[in-house]
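Here the protein sequences line up with chains A and B, keeping their order.
Just so you know, the working numbering puts 85 at position 85 of the first sequence, and the rest follows in order with no gaps.
Numbering-wise, the working numbering comes out as the position in the second sequence, counting from 1, plus 1000.
Protein chains: 2
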Amino acid sequence: MDTARNASVPLYRRVYEIVVQRIVSGELRPGAMLPSETDLGAELGVSQGTARKALIELEQSGVIERRQGRGTFVATTTPESALFHFFRLRRTDGTQAIPEPLEETVRKRRGTAKEVAVLGCDKGSSVFEIARVRSIDGRLVSRETSILQARLFPGIGDRGPLPNALYTLYQQAYGFAVVRAEEKLRAVPASEAIASALEIAEGTPLMEVERRALDITGRVIEFRLSLYVTDDLSYNVTLK
Amino acid sequence: MDTARNASVPLYRRVYEIVVQRIVSGELRPGAMLPSETDLGAELGVSQGTARKALIELEQSGVIERRQGRGTFVATTTPESALFHFFRLRRTDGTQAIPEPLEETVRKRRGTAKEVAVLGCDKGSSVFEIARVRSIDGRLVSRETSILQARLFPGIGDRGPLPNALYTLYQQAYGFAVVRAEEKLRAVPASEAIASALEIAEGTPLMEVERRALDITGRVIEFRLSLYVTDDLSYNVTLK
DNA sequence: AAGTGGTCTAGACCACAAA
DNA sequence: TTGTGGTCTAGACCACTTT
């Protein structure tokens, strides 16, 4: 911890950034165990308490997971957590609904102006478009369209059927862990195309969710537009 | 800190609960200054570091606010923070929209079965129903219906026009601070009554938000059903 | 100058999980 | 038994705000 000048940035913050760098660089992969508080502190020349504070903040950011007696590990996006953490639909009785993918198309094309702006890539860049229709309890409930930078996800179109939880695939096959998502929700009428895809009447109210999925560094990994039929379902949020 | 037995609950957690009790009991009112870390620790017989940990968690819960050099204060629901913290609508360009109340009716009646269940009061209890229509940028955008236990909000119907930010009123006039809200969102068609109230076509897709507003102790203070026109607006959320 | 929260240290002990 | 995270202490010093 002696290379950087002070600049009034707290020591524990530097420790935080160093650990993030190790994860981003691939030195620490998802699921890997971190050094203990004592060892990390010794290695970086800070006290155990300072290393601990950094680890606690990393845990609160969702970057790592800590378990008493076991150790500290780089957070893993399991299929379950990825699917349910960012999937907010519940049945009206409050129970978790499990969405099953039914149809899926993947194609590569040039990104629209909005898409490249959101993804932060150059104008004219290629993107992958993953479109899926999903059902819950045997009823068609959603159409989702995910846009990815083609440069970051080579060959994602040649893998055959994609898993239910795309975020697990992003992490395991491409090393991008989604830790945050920003969403904009609106109520919109079903267009003719959507209505036929979801077998509902044209004009049926749908919940439109525009999502930006971000990695540790704040980069937009995926830009997704979802449409949900909320007859028997609701989108649940807690504000604090 | 010597009265309670250990029971494996951390000391800082007890400090946390003691401070919450002082706020709930009215001993510490919103805006009041708390003792310093050192004084609080000395008073309760714990170290400054332990008192500090409790205060940090209280701050993360939104119960208190801390400012270096100034002190620690019971969180105040200002009209601005109350209005914007739990009001998630933004214009499509992302700028904050300011909702203006247009019409307002307050009436007292028996709570429905669902209402008394949500509010946790006895069957047949009286409730206040506050219905409001709001506009943004001169356009009608929402109809909100808030349900309150009449027992907890005496005379709220006799105050004349209510302020834009109801949560500030709840806190300042009745001592209930809303610190958390749980919401269920759906897309629904406008009924005939709603359509005429909001001057839109019947069947127009609306965003329906069912909110439970909770105080520190987790009690439901208000049960609110809102309907929003999301033509030019979106409901913004960040998932972490 | 005095008082506050913010950072950092060094060490002790407890609770939990795995070998 | 060993190693991990979790709690708690006592004290030092820094940064910020107010008087």
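For each residue, glycine too, the CB sits at the ideal point set by N, CA and C.
Can you tell me whether Gln171 (chain A) is buried or exposed? The criterion is at least 16 other CB atoms within 10 Å of its CB, across all chains shown.
The sequence position of residue 171 (chain A) within the first sequence is 171, counting from 1. By the neighbour-count rule (16 or more Cβ atoms within 10 Å), Gln171 (chain A) is buried.
Am I right that Ser1142 (chain B) and Tyr1228 (chain B) are in contact with their C-beta atoms under 8 angstroms? What's the rounded C-beta distance?
If you number the second sequence from 1, residue 1142 (chain B) lands on position 142. If you number the second sequence from 1, residue 1228 (chain B) lands on position 228. Indeed they touch by this definition, with Cβ atoms about 5 angstroms apart.
Scan the region 161 to 194 of chain A for residues whose Cβ lies nearer than 7 angstroms to a Cβ of chain B and list them as they occur along the chain.
Hits within the stretch, in order: Arg180, Ala181, Glu182, Glu183, Lys184, Leu185, Arg186, Ala187, Val188 and Pro189.
Quick one: which unbroken alpha helix (DSSP H) runs of 4-plus residues sit fully inside the region 73 to 122 of chain A? Chain order, please.
You should have 79 to 85 and 113 to 119.
Could you tell me which chain B residues have their CB closer than 7 angstroms to the CB of Phe223 (chain A), listed as they occur along the chain?
To locate residue 223 (chain A), count along the first sequence from 1; it is residue 223. Counting only Cβ-Cβ distances below 7 angstroms, Phe223 (chain A) has no contacts in chain B at all, with the closest Cβ about 15 angstroms away.
Chain B partners of Gly41 (chain A), CB-CB under 9 angstroms?
Counting from 1 along the first sequence, the entry for residue 41 (chain A) is found at position 41. Listed by position along chain B, the residues whose Cβ is nearer than 9 angstroms to that of Gly41 (chain A) form an empty set, because the closest Cβ is around 17 angstroms away.
Would you say Leu11 (chain A) faces chain B, with C-beta separation under 8 angstroms as the test?
As a working mapping, residue 11 (chain A) is identified with position 11 in the first sequence. With a threshold of 8 angstroms between beta carbons, Leu11 (chain A) makes no contact with chain B.
With 16 other CB atoms within 10 Å as the buried threshold, where does Leu1058 (chain B) fall?
Here residue 1058 (chain B) refers to the residue found at position 58 of the second sequence. Leu1058 (chain B) comes out buried.
What does Lys1240 (chain B) touch in chain A if you count any residue whose Cβ is under 7 angstroms from its own?
Residue mapping note: residue 1240 (chain B) aligns to position 240 of the second sequence, counting from 1. In chain order: Gly62 and Arg180.
Along chain B, in chain order, which residues have C-beta atoms closer than 9 angstroms to that of Thr95 (chain A)?
Working through the first sequence from its first residue, we reach residue 95 (chain A) at position 95. Below the 9 angstroms Cβ cutoff, chain B contributes no neighbours of Thr95 (chain A), its closest Cβ being approximately 13 angstroms away.
Please go through the same chain and pick out, in chain order, the residues whose beta-carbon is closer than 7 angstroms to the beta-carbon of Gly1031 (chain B), but skip the five residues on each side of it.
As a working mapping, residue 1031 (chain B) is identified with position 31 in the second sequence. Taken in chain order, the residues that qualify are Phe1073, Val1074 and Thr1076.
Rounded C-beta distance between Phe1128 (chain B) and Ile1156 (chain B)? I'm assuming under 8 angstroms.
For the purposes of this step, residue 1128 (chain B) is taken as residue 128 along the second sequence, with counting starting at 1. For the purposes of this step, residue 1156 (chain B) is taken as residue 156 along the second sequence, with counting starting at 1. That pair is a contact at about 6 angstroms.
Cβ distance (whole Å) where Ile18 (chain A) is taken to contact Leu44 (chain A) below 8 angstroms:
Counted from its first residue, the first sequence places residue 18 (chain A) at position 18. Counted from its first residue, the first sequence places residue 44 (chain A) at position 44. 7 angstroms between Cβ atoms; contact.
Taking the CB atoms as reference points, tell me whether Arg1219 (chain B) and Ala1181 (chain B) lie closer together than 8 angstroms.
If you number the second sequence from 1, residue 1219 (chain B) lands on position 219. If you number the second sequence from 1, residue 1181 (chain B) lands on position 181. For Arg1219 (chain B) and Ala1181 (chain B), no; Cβs fall outside 8 angstroms.
Measure the alpha-carbon distance for Phe223 (chain A) versus Gly203 (chain A) and round it to whole angstroms.
Here residue 223 (chain A) corresponds to residue number 223 of the first sequence, with the count starting at 1. Here residue 203 (chain A) corresponds to residue number 203 of the first sequence, with the count starting at 1. Answer to the nearest angstrom: the Cα atoms are 25 angstroms apart.
By Cβ distance, which residues of its chain are closer than 6 angstroms to Glu208 (chain A), with the 5 residues on each side in sequence left out?
Indexing the first sequence from 1 puts residue 208 (chain A) at position 208. Once the five neighbours on either side are set aside, the close Cβ partners of Glu208 (chain A) are Arg186, Val188 and Leu227.
For Gly69 (chain A), which residues in chain B fall below 9 angstroms Cβ to Cβ?
Residue 69 (chain A) sits at position 69 when you count from the first residue of the first sequence. Under the 9 angstroms cutoff, chain B gives no residues; its nearest Cβ is about 15 angstroms from Gly69 (chain A).
Are the C-beta of Arg14 (chain A) and some C-beta of chain B separated by less than 8 angstroms?
Stepping through the first sequence from its first residue, residue 14 (chain A) is reached at position 14. Answer no: the Cβ-Cβ gap between Arg14 (chain A) and chain B never drops below 8 angstroms.
Those runs of the alpha helix (DSSP H) which lie wholly inside the region 31 to 68 of chain A and span at least 4 residues
The region 31 to 68 of chain A contains these whole alpha helix (DSSP H) runs: 37 to 44 and 48 to 60.
Which residues bound the beta strand (DSSP E) around Ser234 (chain A)?
In the first sequence, counting from the first residue as 1, residue 234 (chain A) sits at position 234. Per DSSP, the unbroken beta strand (DSSP E) holding Ser234 (chain A) starts and ends at Leu233 to Leu239.
Would you say Phe1084 (chain B) faces chain A, with C-beta separation under 8 angstroms as the test?
Working through the second sequence from its first residue, we reach residue 1084 (chain B) at position 84. No, no contact with chain A.
By DSSP, does Ser241 (chain A) sit in helix, in strand, or in coil?
Lying before the first or after the last residue shown, residue 241 (chain A) is absent from chain A, which here runs from 1 to 240.
Taking Cβ positions only, does Val1074 (chain B) come closer than 8 angstroms to chain A?
Within the second sequence, the letter at position 74 stands for residue 1074 (chain B). Closer than 8 angstroms: no.
Roughly how many whole angstroms lie between the Cα atoms of Ala193 (chain A) and Glu104 (chain A)?
Here residue 193 (chain A) refers to the residue found at position 193 of the first sequence. Here residue 104 (chain A) refers to the residue found at position 104 of the first sequence. Across the structure, Ala193 (chain A) and Glu104 (chain A) are spaced so that their CA atoms are roughly 16 angstroms apart.
Verify the CB distance criterion: does Arg5 (chain A) have a CB-CB separation below 8 angstroms to chain B?
On the first sequence, position 5 is the one that residue 5 (chain A) refers to. Residue placement at Arg5 (chain A) cannot be trusted, given a pLDDT of 41 that sits under 50; what the coordinates show is reported in the next sentence. The beta-carbon of Arg5 (chain A) is placed no less than 8 angstroms from the nearest beta-carbon of chain B.
CB contact below 8 angstroms: Gly218 (chain A) versus chain B:
Taking the first sequence and counting its residues from 1, one reaches residue 218 (chain A) at position 218. With a threshold of 8 angstroms between beta carbons, Gly218 (chain A) makes no contact with chain B.
Evaluate Leu28 (chain A) with the Cβ neighbour count: other Cβ atoms within 10 Å of its Cβ, from every protein chain shown; 16 or more gives buried, anything less gives exposed.
Working through the first sequence from its first residue, we reach residue 28 (chain A) at position 28. By the neighbour-count rule (16 or more Cβ atoms within 10 Å), Leu28 (chain A) is buried.
Pro99 (chain A): which of A:Lys114, A:Glu80, A:Val179 and A:Thr112 sits nearest, CA to CA?
Position 99 of the first sequence, counted from the start, is the residue given in the question as residue 99 (chain A). Distance check between Pro99 (chain A) and each of A:Lys114, A:Glu80, A:Val179 and A:Thr112 places A:Glu80 closest, using alpha-carbon atoms only.
Starting from Thr230 (chain A), find everything on chain B with Cβ-Cβ shorter than 9 angstroms and list it in chain order.
What you label residue 230 (chain A) is simply residue 230 of the first sequence in a count that begins at 1. Neighbours of Thr230 (chain A) on chain B, chain order: Leu1185, Arg1186, Ala1187, Val1188 and Glu1208.
I'd like the span of the alpha helix (DSSP H) that includes Val15 (chain A), first residue to last.
As a first step, residue 15 (chain A) is located in the first sequence; it is residue number 15 there, counting from the start. Following the DSSP letters along the chain, one finds Val15 (chain A) inside the alpha helix (DSSP H) bounded by residues Leu11 to Val24.
Beta-carbon neighbours of Ser1234 (chain B), restricted to chain A and to distances below 7 angstroms:
As a first step, residue 1234 (chain B) must be located in the second sequence, where it is residue number 234. The answer, in chain order, is Lys184, Leu185 and Arg186.
Can you tell me which of the three DSSP states Ser226 (chain A) falls into?
Position 226 of the first sequence, counted from the first residue, corresponds to residue 226 (chain A). Of the three classes helix, strand and coil, the one that applies to Ser226 (chain A) here is strand, per DSSP.
In chain B, which residues lie with their C-beta within 9 angstroms of the C-beta of Gly203 (chain A)?
Here residue 203 (chain A) refers to the residue found at position 203 when the first sequence is read from its first residue. Neighbours of Gly203 (chain A) on chain B, chain order: Pro1189, Gly1203 and Pro1205.
Let me know if Lys240 (chain A) comes out buried or exposed under the rule of 16 or more other beta-carbons within 10 Å of its beta-carbon.
Residue 240 (chain A) sits at position 240 when you count from the first residue of the first sequence. If you draw a 10 Å sphere on the C-beta of Lys240 (chain A), you find fewer than 16 other C-beta atoms in it, and that means exposed.
Quick check: the Cα distance between Arg1151 (chain B) and Ile1130 (chain B), rounded to an integer number of angstroms?
Here residue 1151 (chain B) is taken as the residue at index 151 of the second sequence, counted from 1. Here residue 1130 (chain B) is taken as the residue at index 130 of the second sequence, counted from 1. Near 15 angstroms, if we compare the C-alpha coordinates of Ile1130 (chain B) and Arg1151 (chain B).
Put Gly1138 (chain B) into one of helix, strand or coil per three-state DSSP.
Translated into the one-based positions of the second sequence, residue 1138 (chain B) becomes position 138. Correct three-state label for Gly1138 (chain B): coil.
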